[in-house]
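Each residue of the sequence shown is one higher than the last, beginning at 1 in the UniProt record's numbering. What follows is a single structure, written as structure tokens, with notes after it.
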Amino acid sequence: MTELIKDYFWPLIGGIIGLLLAVLIITFGFFKTLFVLIFMAIGISAGYCIQKTGILTNVFK
Numbered sequence: 001m002t003e004l005i006k007d008y009f010w011p012l013i014g015g016i017i018g019l020l021l022a023v024l025i026i027t028f029g030f031f032k033t034l035f036v037l038i039f040m041a042i043g044i045s046a047g048y049c050i051q052k053t054g055i056l057t058n059v060f061k
């Protein structure tokens, strides 16, 4: 079982993400889901920049 998961890890992640998107679109509608995805992308980008520059690490030391 673990070998199967190791072999198909990224396709499984893609399938789970696709299922989540489908449920969100059916539940909330296309534009609300798009709105959430855009803000998720902004949050991920901000978090990546904060991690890469180490701004918060320097502040809290």
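Beta carbons: idealized from backbone N, C-alpha and C, even for Gly.
- DSSP, reduced to helix, strand and coil, places Lys6 within a helical segment of the structure shown.
- Nearest neighbour of Leu24 by Cα position, chosen from Thr2, Ile13 and Leu37, turns out to be Leu37.
- Between Leu21 and Thr2, the C-beta spacing is not below 8 Å.
- In chain order, Ile5 place their CB closer than 8 Å to the CB of Leu12, counting only its own chain and leaving out the 5 sequence neighbours on each side.
- Between Gly29 and Ser45, the alpha-carbon positions lie close to 24 Å from each other.
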